[in-house]
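Asker: Residue numbering for the sequence shown follows this note's numbering, starting at 88 and increasing by one per position.
In this text, a Cβ means the ideal position worked out from N, Cα and C, and glycines have one as well.
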Amino acid sequence: MNQTALITGASKRIGRSIAGHLAAKGWNVAIHYNVSSADAEQLVVRLRHNYPNQLFKAFRANLTIVKEVEGLISSVAAFFHEINLLVNNASVFDKGHLKETPVELFDHQFNVNLKAPFLLMRDFANLVKKGNIINLVDTRITNNRSDFAAYSLSKKALWELTKMAALELSPEIRVNAIAPGVTLPPDGKDEDYLSKLAEDIPMKRPGGIAPVLKCLDFILKNDYLTGQLLFADGGENLGQNV
Ligand SMILES: NC(=O)c1ccc[n+]([C@@H]2O[C@H](COP(=O)([O-])OP(=O)(O)OC[C@H]3O[C@@H](n4cnc5c(N)ncnc54)[C@H](OP(=O)(O)O)[C@@H]3O)[C@@H](O)[C@H]2O)c1
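Right, dumping it as structure tokens:
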């Protein structure tokens, strides 16, 4: 029987690529989205067409609304009968130094990037009971820059949660994290912007999504790995040589 993955924020960008990647390897995929319903439905149609023997379905949930978060794992499990992998990919990325961060921005970052993954991991552990969880963090967790203060802190906490959950949920559930670096330009920015950002990292170029997918494959294949963080960041976590 095909395995099933639930990927949050899977209608676009990295989440969409993870969905396509797993589908190509024979997985059924639950495509979670919030506002991007057209993109999510288009992805479902494309995947059903390309892989007619597998199951694909879109599930909407606003990850800032606890009731919607708490319904997600059970809805996906009811449709697919089991879930083997949860990828906490959905995220918000709002700029703001500590001194410029209103409480609404702080809460939004923490609700989507930490609280929702926490609740989904809890429900996965209680309802699904075995499998894999992979959390998307960010290479920024290795520094103390405050230009995205609440975002960075939410991702630092998600990494701590990854280790805590790995310890509590082993051996039935493995919990690992991937930290992308210069991967895709944010909305409104182009590849030139990304290449400029990459000038100062050891590998001197943006990575694109492929390194993230390779980390995902490695985590899934290596069944002795739990509580680990793989950097898909071209060495950015090392800092800068002077
Ligand atoms: N892109 C990069 O270069 C980069 C670098 C470092 C780390 N990362 C990490 O990698 C992951 C994927 O990055 P990305 O750039 O592809 O992500 P993204 O495009 O910023 O966001 C992915 C999805 O998150 C969903 N989302 C946002 N708010 C939500 C809410 N309230 N409820 C439910 N879903 C919500 C959105 O779904 P809808 O559109 O359906 O609302 C969105 O499509 C993230 O965790 C990010 O932090 C990315």
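Check whether the Cβ atoms of P293 and L281 sit closer than 7 angstroms, and answer yes or no.
Answerer: Yes, the pair counts as a contact, with Cβ atoms nearer than the cut-off.
Asker: Say the cut is 6 angstroms; is the CB of P267 nearer than that to a heavy atom of ligand 1?
Answerer: Yes, since a heavy atom of ligand 1 falls inside the 6 angstroms radius drawn around the Cβ of P267.
Asker: Measuring straight from C-alpha to C-alpha, what distance separates I288 and G326?
Answerer: In a straight line, the C-alpha of I288 is about 8 angstroms away from that of G326.
Asker: Quick one: what's L335 bridged to in DSSP?
Answerer: The structure shown has nothing for residue 335, since the chain only spans 88 to 329.
Asker: What does N115 pair with, by DSSP beta-bridge criteria?
Answerer: DSSP, once it has assigned bridges, lists T91 as partnering N115.
Asker: What would DSSP say about N137, mapped onto helix, strand or coil?
Answerer: Three-state result, N137: helix.
Asker: Can V199 and V179 be called in contact, C-beta distance under 7 angstroms?
Answerer: The answer is yes: Cβ separation under 7 angstroms.
Asker: Kindly provide the ranges of any alpha helix (DSSP H) runs that are 4 or more residues long and lie completely inside the segment 175-238, ordered along the chain.
Answerer: Within the segment 175-238, the complete alpha helix (DSSP H) runs of at least 4 residues are 190-197, 203-210.
Asker: Got a sec, what are the start and stop residues for the alpha helix (DSSP H) A285 sits in?
Answerer: Looking at the DSSP string, the run of the alpha helix (DSSP H) that includes A285 is 278-285.
Asker: Going by the DSSP bridge assignment, what does N309 pair with across the sheet?
Answerer: BP columns for N309 are empty, so no partner.
Asker: Would you mind working out which of C302, T270, T313, F193 sits nearest M251, comparing C-alpha positions?
Answerer: Nearest of C302, T270, T313, F193 to M251, Cα basis: T313.
Asker: Please report the residue range of the alpha helix (DSSP H) in which L159 lies.
Answerer: Unbroken alpha helix (DSSP H) run through L159: 153-167.
Asker: Do the segment 207-224 and the segment 161-178 touch if we need at least three Cβ pairs shorter than 8 angstroms?
Answerer: Segments in contact, yes.
Asker: Does the segment 127-137 touch the segment 185-192, meaning 3 or more C-beta pairs lie closer than 8 angstroms?
Answerer: Touching, no, given that fewer than three Cβ pairs across the two stretches are closer than 8 angstroms.
Asker: I'd like to confirm the pairing. Which residues does DSSP put opposite A266 in its beta bridges?
Answerer: For A266, which the question treats as bridged, DSSP gives the partners F318.
Asker: Check whether the Cβ of Y120 sits closer than 6 angstroms to any heavy atom of ligand 1, and report yes or no.
Answerer: Yes, ligand 1 has a heavy atom inside 6 angstroms of this Cβ.
Asker: T91 and I170 - do their beta-carbons sit closer together than 7 angstroms?
Answerer: Yes. Within cutoff.
Asker: By the three-class DSSP mapping on this structure, what secondary structure does A148 have?
Answerer: Of the three classes helix, strand and coil, the one that applies to A148 here is coil, per DSSP.
Asker: Check the DSSP bridge columns for I260 and list the partner residues they point to.
Answerer: Paired residues: G218.
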